[in-house]
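Student: Residue numbers (this note's numbering): 81 to 309. The beta carbon of each residue, even a glycine, is placed where N, CA and C say it ideally should be. Just so you know, these numbers come straight off a predicted model, no measurement behind them. To start, I am sharing the structure in question, which I have written as structure tokens.
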């Protein structure tokens, strides 16, 4: 049996943005591994590069230096079509705002990414119903987002993010808009999903209580990733 490899490995990643006088260096050799079944909390103040790190990890931005490995495959030299395919099939995204399509039901929102990938409608509906049931939404399949609570909407967003069975989940403040009790419930379902599916998850959060419940905590210091106790 081959040795386990990280689902995400950032190797000495650099990212800078042009400015009038000199480039703004956001990431300066950032290195990070996320393993299958592992929840990693990314805790850092605003403006330190959290979103940039997530964008680079999710292949939404190319780094200016270093390499991004997804399931052991280097991605920096991939063309746009291959990066798009990898994002669609191997990476799931959850944001602070759920971004559900308002005219579609919970079930249809989770079916959509599967149809885009090419799955048959009957299979997609079956998997969507199974995922939503696992997240405690079995009775809400045919409700539209406006008929769901904030916590229910975010759980639908999580189901949509993992509908195509990605190996990596990237979440940017997924409970940021929720009250503490709802945030706790949404986070618990997220943990259960990660453990059951053995995907790796990198979760940016300001919620220190939730961060303490994850497997590891990291921050960004002077453009590099540092482990927190």
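Tell me, which residues are paired with residue 90 by DSSP?
Tutor: DSSP, once it has assigned bridges, lists 112 and 148 as partnering residue 90.
Student: Excluding the five sequence neighbours on either side, which residues of its own chain have a C-beta within less than 7 Å of the C-beta of residue 154, listed in chain order?
Tutor: If we look at residue 154 and ignore the five residues flanking it on each side, its Cβ neighbours are 147.
Student: Strictly by DSSP, which residues pair up with residue 171?
Tutor: According to DSSP, residue 171 bridges with 248.
Student: Taking the Cβ atom as the reference point for each residue, do residue 291 and residue 121 lie within a distance shorter than 9 Å?
Tutor: Their beta carbons are under 9 Å apart, which means residue 291 touches residue 121 by this criterion.
Student: For residue 121, which of helix, strand or coil comes out of DSSP?
Tutor: Of the three classes helix, strand and coil, the one that applies to residue 121 here is strand, per DSSP.
Student: For residue 187 and residue 208, I'd like the C-alpha separation in whole angstroms.
Tutor: Roughly 6 Å separates the two Cα atoms.
Student: In chain order, what residues of the same chain have a beta carbon less than 8 Å from the beta carbon of residue 115, not counting five sequence neighbours either side?
Tutor: Excluding sequence neighbours, residue 115 sits near 84, 86, 87 and 280.
Student: Under 6 Å Cβ to Cβ from residue 82, same chain only, skipping five residues before and after it: list those, please.
Tutor: Low per-residue confidence applies at residue 82: pLDDT is 45, beneath 50, and the placement is therefore not dependable, though the value from the model is reported in the following sentence. Nothing meets the Cβ criterion.
Student: On a CA-only basis, which of 197, 91, 178 and 176 is nearest residue 167? Give me that one, please.
Tutor: The shortest Cα separation from residue 167 among 197, 91, 178 and 176 belongs to 197.
Student: Nearest to residue 152 by alpha carbon, out of 210, 248 and 272?
Tutor: With distances taken between Cα atoms, residue 152 lies closest to 248.
Student: With H, G and I counted as helix, E and B as strand and the rest as coil, what does DSSP make of residue 81?
Tutor: The pLDDT assigned to residue 81 is 39, lower than 50, so where the model puts this residue is not dependable; a value taken from the coordinates is nonetheless given after this. If DSSP states are grouped into helix, strand and coil, residue 81 belongs with coil.
Student: Pull up the DSSP beta-bridge partners for residue 283, would you.
Tutor: DSSP, once it has assigned bridges, lists 121 and 251 as partnering residue 283.
Student: Nearest by alpha-carbon distance to residue 231: which of 242, 213, 202 and 264 is it?
Tutor: Of the candidates 242, 213, 202 and 264, the one whose C-alpha sits nearest the C-alpha of residue 231 is 264.
Student: Check whether the Cβ atoms of residue 96 and residue 157 sit closer than 9 Å, and answer yes or no.
Tutor: No; because the gap between Cβ atoms is not below 9 Å, this pair is not in contact.
Student: If you follow the alpha helix (DSSP H) that residue 262 is part of, which residue opens it and which one closes it?
Tutor: Residue 262 -> alpha helix (DSSP H) spans 260-277.
Student: Going by DSSP, what residue range makes up the alpha helix (DSSP H) through residue 186?
Tutor: Residue 186 -> alpha helix (DSSP H) spans 186-197.
Student: So, using beta-carbon positions, are residue 112 and residue 90 closer together than 9 Å?
Tutor: Their beta carbons are under 9 Å apart, which means residue 112 touches residue 90 by this criterion.
Student: Skipping 5 residues on each side, what residues in its chain have a beta carbon closer than 6 Å to that of residue 307?
Tutor: If we look at residue 307 and ignore the five residues flanking it on each side, its Cβ neighbours are 298.
Student: Can you tell me which of the three DSSP states residue 212 falls into?
Tutor: Helix, per DSSP.
Student: Considering residue 298, what are the terminal residues of the beta strand (DSSP E) in which it resides?
Tutor: Residue 298 -> beta strand (DSSP E) spans 296-301.
Student: Going along the chain, which residues of its own chain have a beta-carbon closer than 8 Å to the beta-carbon of residue 193, five neighbours each way excluded?
Tutor: Closer than 8 Å at Cβ, skipping near neighbours: 168, 240, 243 and 244.
Student: Less than 6 Å between C-beta atoms, sequence neighbours within five positions excluded: which residues of the same chain meet that for residue 283?
Tutor: Answer for residue 283: 121 and 251, listed in chain order.
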